[in-house]
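Residue 14 in UniProt numbering sits at position 14 of the sequence shown, with consecutive numbering throughout. Idealized CB from N, CA, C, for every residue including glycine.
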Amino acid sequence: MAVMSVGLTVPSVAEAKGHKHGHHHKHHKHKHYKHKHHKHHVVVVKPRPPKKKVVVVHKPPRHRYYHRSRLPEIATFAVIAGATYAIIDNHYYKRRGDNYEYVDKPR
């Protein structure tokens, strides 16, 4: 009887049809699209601080003149329109004899 009961259960399992992945039928399904509400993203922008103004302060020169033997080592020399100038800390000193005297602008 045990053999018979196994034989009866096997055909019932074999007849049960499931979904077969390799079997294709051309079924046309109508796709239903949902109306999606798009979320509006809010971007918070922090206000920028105002730009700082750059103020250039023109300081008067430390020395009104230099003797040629006392010029600092950082002095740069330039010849402008035949006159010799020493440039020290962005200030112009025009040569007059043995001295270099401060001038506002070289000519």
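{"Asked": "Let me know if residue 86 comes out buried or exposed under the rule of 16 or more other beta-carbons within 10 Å of its beta-carbon.", "Found": "buried"}
{"Asked": "Taking the alpha-carbon of residue 78 as reference, which of 66, 94 and 65 has the nearest alpha-carbon?", "Found": "94"}
{"Asked": "Per DSSP, what kind of secondary structure is residue 68 in: helix, strand or coil?", "Found": "helix"}
{"Asked": "Please classify residue 73: does DSSP put it in a helix, a strand, or coil?", "Found": "coil"}
{"Asked": "Compare the C-alpha of residue 62 against each of 98, 92, 31 and 29 and name the closest.", "Found": "92"}
{"Asked": "Please check the pair residue 99 and residue 66, which I expect to be a contact at CB under 8 Å, by giving their CB distance rounded to whole angstroms.", "Found": "7 Å"}
{"Asked": "Is the beta carbon of residue 64 less than 7 Å from the beta carbon of residue 102?", "Found": "yes"}
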